[in-house]
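For the sequence shown, position 234 matches number 234 in UniProt numbering, and the numbering has no gaps at all.
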Amino acid sequence: MGLIEDLTALKNSAVERINDNNADIEQLRIKLLGKKGELTGLLKGMKDVAAENRKMVGEVGNDVRQTITELLKQKKRAQEEYELNKQLQAEKIDVTLPGSVHHVGQPHVLQQIIDEIEQHFLGLGFEVIDDIVDSPEVETDEYNFERENLPKDHPARDMQDTFYITPEILLRTQTSPVQSRSLEKHDFSKGPLKMIAPGKVYRRDTDDATHSHQFHQVEGMVVGENITMADLKGTLLSIMQELFGEKHQIRMRPSYFPFTEPSVEVDVSWNEVTPDMNPEDIEWIEVLGAGMTHPNVLRMDGIDPDKYSAFAFGLGPDRFAMLKYGVDDIRQFYLNDVRFLSQFNRKGN
Ligand code: PHE
1 MGLIEDLTAL
11 KNSAVERIND
21 NNADIEQLRI
31 KLLGKKGELT
41 GLLKGMKDVA
51 AENRKMVGEV
61 GNDVRQTITE
71 LLKQKKRAQE
81 EYELNKQLQA
91 EKIDVTLPGS
101 VHHVGQPHVL
111 QQIIDEIEQH
121 FLGLGFEVID
131 DIVDSPEVET
141 DEYNFERENL
151 PKDHPARDMQ
161 DTFYITPEIL
171 LRTQTSPVQS
181 RSLEKHDFSK
191 GPLKMIAPGK
201 VYRRDTDDAT
211 HSHQFHQVEG
221 MVVGENITMA
231 DLKGTLLSIM
241 QELFGEKHQI
251 RMRPSYFPFT
261 EPSVEVDVSW
271 NEVTPDMNPE
281 DIEWIEVLGA
291 GMTHPNVLRM
301 DGIDPDKYSA
311 FAFGLGPDRF
321 AMLKYGVDDI
331 RQFYLNDVRF
341 LSQFNRKGN
């Protein structure tokens with residue numbers, strides 16, 4: 001009975017071919033079981049089978065069809081499972097991998113200090129003047145020097161070697177010109193002038209560890225009736241204790257600035273001061289210049305020095321930051337090296 005052998009041979013070969021098939025299983029199904037497929041082809045031979053054998057051969061044919069159908073189904077399932085696993089494997093998330101770090105920026109260390117100074121003085125009722133109109137970095141000789149009681153031939157001009165743009169226009173060497181600019185605009189019927197002016201200043205210095213051709217100052221000024229040196233000292237003590245800590249003290253030493261008389265140099269104690277301490281154990285460091293505004297300055301700004309008195313001070317955030325953080329080279333602040341800058345976080349430390 002050749003047909004039964006052929007059917008059995010097809011079954012055996014189908015088992016192998018299904019097993020080995022790694023491509024599209026549907027193609028193989030069509031080839032084996034389709035209308036023009038191999039099984040259909042063989043079963044066409046049924047017409048030649050003797051009548052008494054047809055039933056048996058038919059059963060063998062059905063068995064072959066069922067077996068092949070079932071194997072194809074299994075193979076299809078196995079292939080789908082394999083594909084799914086492959087996809088899952090590819091998309092697997094390894095929760096043990098380190099997460100991606102989001103670097104959050106922070107203000108520059110000098111800006112942090114300026115912000116802190118501003119907050120303190122805002123709390124004392126000062127206004128902050130830092131806009132380009134009232135606090136310009138490109139200044140006139142008149143506001144930077146002459147109105148600050150430094151006429152053209154004044155020897156103290158040498159203290160601040162200047163970048164001139166024209167003989168009358170320069171890069172400001174100090175924030176003191178903002179004194180005159182705010183005095184001019186101030187309406188005394190609304191009370192005394194109390195302002196600070198933080199900003200950049202420029203000097204024709206050769207850059208080294210302690211000098212930079214550009215650095216920062218915070219100018220401060222109070223103009224009103226009966227303003228005294230005690231007001232100056234109290235104001236400076238409050239900002240120094242804000243910046244250095246409450247156990248720190250200040251002292252004033254006589255100094256000279258053309259725009260203040262008397263003028264003082266202000267030191268803050270580097271160590272904390274306790275009441276029973278031997279004064280000689282206090283370590284003083286110089287932090288700023290200040291004084292009672294010279295009557296000439298008030299007069300040039302249209303203020304009557306017999307009616308009003310004033311104090312002013314100029315504080316250097318760069319110097320403060322160097323002292324506070326033990327930075328020994330001012331140029332570090334201007335190199336913009338993130339490794340250096342990211343160390344400073346006055347709010348978070
Ligand atoms: N402008 C001075 C300087 O640059 C500092 C200062 C300001 C001193 C105000 C006294 C009063 O050195």
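Heads up, the beta-carbon is just placed ideally off N, CA and C, and yes, glycines get one too.
request  = Consult DSSP for alanine 215 and reduce its assignment to one of helix, strand or coil.
outcome  = A small correction: the amino acid at residue 215 is phenylalanine; alanine does not occupy that position in the sequence shown. Strand.
ask   = Is the distance from the Cβ of isoleucine 165 to the Cβ of valine 128 below 8 Å?
value = At least 8 Å separates the beta-carbon of isoleucine 165 from that of valine 128.
ask   = Excluding sequence positions up to five away, which residues of its chain have a Cβ less than 8 Å from the Cβ of glycine 58?
value = Only residues of its own chain outside the window of five on either side were considered, and among them Met46 have a CB closer than 8 Å to the CB of glycine 58, listed in chain order.
ask   = Sorry if obvious, but does the Cβ on glutamine 112 come closer than 7 Å to a heavy atom of ligand 1?
value = Exclusion of glutamine 112 from the 7 Å shell around ligand 1 follows from its C-beta lying no nearer than that to any non-hydrogen atom of the ligand.
inquiry  = Let's test the definition: count the other Cβ atoms within 10 Å of the Cβ of aspartate 337 and tell me whether it reaches 16, buried, or not, exposed.
reply    = With fewer than 16 other Cβ atoms within 10 Å, it is exposed.
message = Please list the terminal residues of the continuous beta strand (DSSP E) segment that includes proline 98.
response = For proline 98, no beta strand (DSSP E) run applies, since DSSP gives it neither H nor E.
query = How should glycine 316 be labelled, buried or exposed, when 16 other C-beta atoms within 10 angstroms of its C-beta is the threshold for buried?
reply = By the 10 Å Cβ count, glycine 316 comes out buried.
task = Report back the beta-carbon spacing between leucine 7 and glycine 61 to the nearest angstrom; my notes put them in contact at under 8 Å.
result = So it is a contact: roughly 6 Å between Cβ atoms.
inquiry  = Which runs of the alpha helix (DSSP H) at least 4 residues long sit entirely within the region 39 to 108? Give them in chain order.
reply    = Listed in chain order, the complete alpha helix (DSSP H) runs (minimum 4 residues) inside the region 39 to 108 are 51 to 90.
inquiry  = On the criterion of 16 or more Cβ atoms from any shown chain inside 10 Å, does asparagine 349 qualify as buried, or is it exposed?
reply    = Bear in mind that a pLDDT of 43 at asparagine 349, under 50, signals an unreliable position, so the number given afterwards is only what the model happens to contain. With a 10 Å radius around the Cβ and a threshold of 16 neighbouring Cβ atoms, asparagine 349 comes out exposed.
message = For a test of your reading of the model: does the CB of glutamine 214 fall under 7 Å from any non-hydrogen atom of ligand 1? Yes or no.
response = Not so, every heavy atom of ligand 1 lies at least 7 Å from the Cβ.
task = Could you tell me the distance, in whole angstroms, from the CA atom of valine 15 to the CA atom of glutamine 87?
result = Valine 15 and glutamine 87: Cα-Cα distance of roughly 28 Å.
ask   = Regarding serine 263 and ligand 1, is the C-beta to nearest heavy atom distance less than 7 Å?
value = Yes, the Cβ of serine 263 comes within 7 Å of a heavy atom of ligand 1.
ask   = Buried or exposed: isoleucine 93, going by 16 or more other Cβ atoms within 10 Å of its Cβ?
value = When all chains shown are included, isoleucine 93 counts as exposed.
key: Residues of its chain near histidine 213, where Cβ-Cβ distance is below 7 Å and the 5 sequence neighbours each way are ignored   = Excluding residues within five positions, the ones whose Cβ falls inside 7 Å are Tyr202, Arg203, Arg204, Asp205, Asp207.
ask   = Can you give the Cα-Cα distance for threonine 99 and glycine 199, rounded to whole angstroms?
value = Before going on, a small fix: residue 99 reads as glycine here, not threonine. Near 40 Å, if we compare the C-alpha coordinates of glycine 199 and glycine 99.
request  = Note down, in chain order, each residue of its chain lying with its Cβ closer than 7 Å to the Cβ of arginine 65, except the 5 sequence neighbours on either side.
outcome  = Only Leu33, Leu39 meet the Cβ criterion.
message = With distance defined between alpha-carbon atoms, name the residue in Arg181, Gly123, Leu341 nearest to aspartate 131.
response = Nearest option by C-alpha distance: Arg181.
query = threonine 228 to threonine 162, Cα distance in whole Å?
reply = Cα to Cα, threonine 228 sits roughly 32 Å from threonine 162.
ask   = According to DSSP, is methionine 277 helix, strand or coil?
value = Coil at methionine 277, not helix or strand.
query = When the Cβ atoms of the region 147 to 156 are set against those of the region 280 to 297, are three or more pairs found closer than 8 Å?
reply = Cβ pair count under 8 Å is three or more, so yes.
query = Given phenylalanine 244, which residues of its chain have a CB within under 7 Å of its CB, disregarding the five upstream and five downstream residues?
reply = Cβ neighbours of phenylalanine 244 beyond the five flanking positions: Val268.
request  = Could you work out which residue in Phe333, Leu97, Leu183, Arg339 is closest to histidine 216 when comparing CA atoms only?
outcome  = Nearest of Phe333, Leu97, Leu183, Arg339 to histidine 216, Cα basis: Phe333.
ask   = What are the start and end residues of the beta strand (DSSP E) that includes residue 350?
value = In the structure as shown, the chain starts at 1 and stops at 349, and residue 350 therefore has no counterpart that could be examined.
ask   = Can you tell me the Cα-Cα spacing of aspartate 48 and arginine 54, whole angstroms?
value = Each residue's Cα considered, the two are about 9 Å apart.
message = Distance check for glutamate 142 and valine 273, CA to CA, integer angstroms please.
response = Linking valine 273 to glutamate 142 through their CA atoms gives a straight-line distance of about 43 Å.
inquiry  = Suppose contacts are defined by Cβ-Cβ distances below 8 Å. Is phenylalanine 320 in contact with alanine 290 by that definition?
reply    = The criterion of a C-beta distance shorter than 8 Å is not satisfied by phenylalanine 320 and alanine 290.
query = Measuring CA to CA, which of Thr260, Glu52, Asp318 is closest to histidine 211?
reply = Answer by Cα proximity: Asp318.
request  = Inspect the beta-carbon positions of valine 178 and aspartate 134 and report whether they are closer than 8 Å.
outcome  = It is a contact, given that the beta carbons lie within the stated cut-off.
query = Considering only the beta carbon of each residue, do tyrosine 325 and phenylalanine 344 sit closer than 8 Å?
reply = Result yes, Cβ atoms of tyrosine 325 and phenylalanine 344 sit closer than 8 Å.
Where the beta strand (DSSP E) containing methionine 252 begins and where it ends = Residues 250 to 257.
task = Could you tell me the distance, in whole angstroms, from the CA atom of arginine 251 to the CA atom of aspartate 281?
result = One C-alpha to the other measures close to 14 Å.
message = Considering just the uninterrupted stretch of the beta strand (DSSP E) at valine 268, what are its terminal residues?
response = Taken as a continuous stretch (DSSP letters only), the beta strand (DSSP E) holding valine 268 covers 260 to 269.
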